[in-house]
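In our numbering, the protein residues as written are 610 to 935. The beta carbon of each residue, even a glycine, is placed where N, CA and C say it ideally should be. First comes the structure, then the notes that go with it.
Here it is, written out as structure tokens:
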């Protein structure tokens with residue numbers, strides 16, 4: 610006689626002393642000896658179920674003789690293995706010093722004063738939960754703030770850890786890992802992830818704050834600053850990086866007096882055509898003040914005039930002109 614089990618299309622004699630999904634501590638197969646009409650042979654096996662939780666197996670016994678014609682099996686029954694249900698984690702929260710909140714809502718300069726997790730066990734509810742563990746990490750800095758066991762608070766039904774207050778001054782990804790274990794060493798964990806926004810760099814000029822002219826081969830001072838706003842900015846470097854103007858600067862000076870539109874005794878510069886670019890503007894060379902009784906008439910495609918000193922810059926974004934300076 611041999612105790613057998615079936616799972617799907619598989620079949621096998623249950624081994625002795627060790628094995629999965631079952632093994633027996635008794636002899637298997639069993640020798641019933643020589644049997645004749647009226648003889649009886651009964652067996653008792655002690656079996657250990659080592660298979661997966663909620664797996665189903667068909668159990669039966671095979672009786673077979675040395676003679677091929679003598680063979681039979683018992684009726685087949687279903688055996689379901691009921692194992693240990695792992696704990697269930699229903700919620701993980703953070704305490705910001707005033708209330709329990711969803712950890713993912715925490716922002717820069719907020720406080721983490723405590724963490725907690727609600728764990729239950731389908732096998733025996735709260736009585737079988739034996740421990741809970743918490744780990745809080747800032748991912749970019751690989752900074753672990755704590756990795757420790759919590760304690761059960763019977764008044765709230767939560768497992769909690771009362772950490773030293775943490776003021777969030779690190780931006781980037783944050784992660785709270787919580788694990789619950791029961792009295793049969795089954796575990797379940799949860800990971801709560803959220804992003805604390807990075808800071809924004811707000812640069813500003815100190816001196817000068819507007820366009821200037823500098824003497825060639827002479828030193829001059831240039832100062833600026835930057836504010837970090839709204840989060841962590843990390844190690845910030847500053848580089849002075851001038852960009853050469855890509856357009857053309859036309860210098861207009863020492864022209865013969867002529868009659869300009871709307872002016873008398875003016876230097877007259879006429880660009881009757883159009884530019885294949887945008888007109889940036891004009892600037893006095895030495896001063897922003899104007900000289901009384903002196904004007905310079907600049908016509909660009911028929912628009913506008915400018916009054917100022919005898920040295921005027923006309924700046925264009927392109928070098929392509931449809932008319933020459935006259």
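Cβ neighbours of residue i in the same chain (closer than 7 angstroms, five flanking residues each side left out)
i: residue 780; result: 717, 805, 806, 807, 808, 840 and 841
i: residue 627; result: none
i: residue 761; result: 768
i: residue 792; result: 737 and 739
Boundaries of the beta strand (DSSP E) in which residue i is found, first to last residue
i: residue 678; result: Taken as a continuous stretch (DSSP letters only), residue 678 belongs to no beta strand (DSSP E), as it is neither H nor E.
i: residue 768; result: 767-770
i: residue 702; result: 697-704
i: residue 689; result: 686-689
i: residue 717; result: Premise fails: residue 717 is in no beta strand (DSSP E) and is neither H nor E.
i: residue 846; result: Per DSSP, residue 846 belongs to no beta strand (DSSP E) and is neither H nor E.
i: residue 762; result: 760-762
i: residue 661; result: First-last for residue 661: undefined, no H or E at that position.
i: residue 643; result: Run containing residue 643: none; DSSP gives neither H nor E here.
i: residue 694; result: Here residue 694 belongs to no beta strand (DSSP E), and DSSP marks it neither H nor E.
i: residue 631; result: 631-633
Opposing strand residues paired with residue i [DSSP bridges]
i: residue 838; result: 809
i: residue 745; result: 755 and 785
i: residue 653; result: Paired residue(s): none; residue 653 is not in a bridge.
i: residue 790; result: 740 and 796
i: residue 724; result: 703 and 770
i: residue 816; result: 832
i: residue 625; result: 633
i: residue 826; result: Answer is none; residue 826 lacks a bridge partner.
i: residue 729; result: 697
Nonlocal neighbours in the same chain, by C-beta distance under 6 angstroms from residue i, ignoring five residues either side
i: residue 682; result: 669 and 671
i: residue 596; result: The question about residue 596 has no answer here: the residues shown for the chain are numbered 610 through 935.
i: residue 814; result: 833
i: residue 772; result: 755
i: residue 759; result: 741, 743, 768, 769 and 770
i: residue 673; result: 680
i: residue 746; result: 753 and 784
i: residue 727; result: 699, 700 and 767
i: residue 657; result: 632
Reference residue i, options the options, closest by Cα
i: residue 640; options: 634, 633 and 650; result: 650
i: residue 783; options: 794, 753 and 792; result: 753
i: residue 653; options: 666, 663, 635 and 714; result: 635
i: residue 721; options: 770, 737, 731 and 696; result: 770
i: residue 684; options: 667, 676 and 691; result: 667
i: residue 696; options: 632, 732 and 687; result: 732
i: residue 662; options: 648, 689 and 847; result: 689
i: residue 687; options: 705, 704, 665 and 675; result: 665
i: residue 816; options: 810, 803 and 831; result: 831
i: residue 643; options: 624, 675, 621 and 799; result: 675
Cβ neighbours of residue i in the same chain (closer than 8 angstroms, five flanking residues each side left out)
i: residue 629; result: 659 and 660
i: residue 897; result: Because the pLDDT at residue 897 is just 37, under 50, the model does not fix this residue reliably, and the point stays unresolved.
i: residue 765; result: 725
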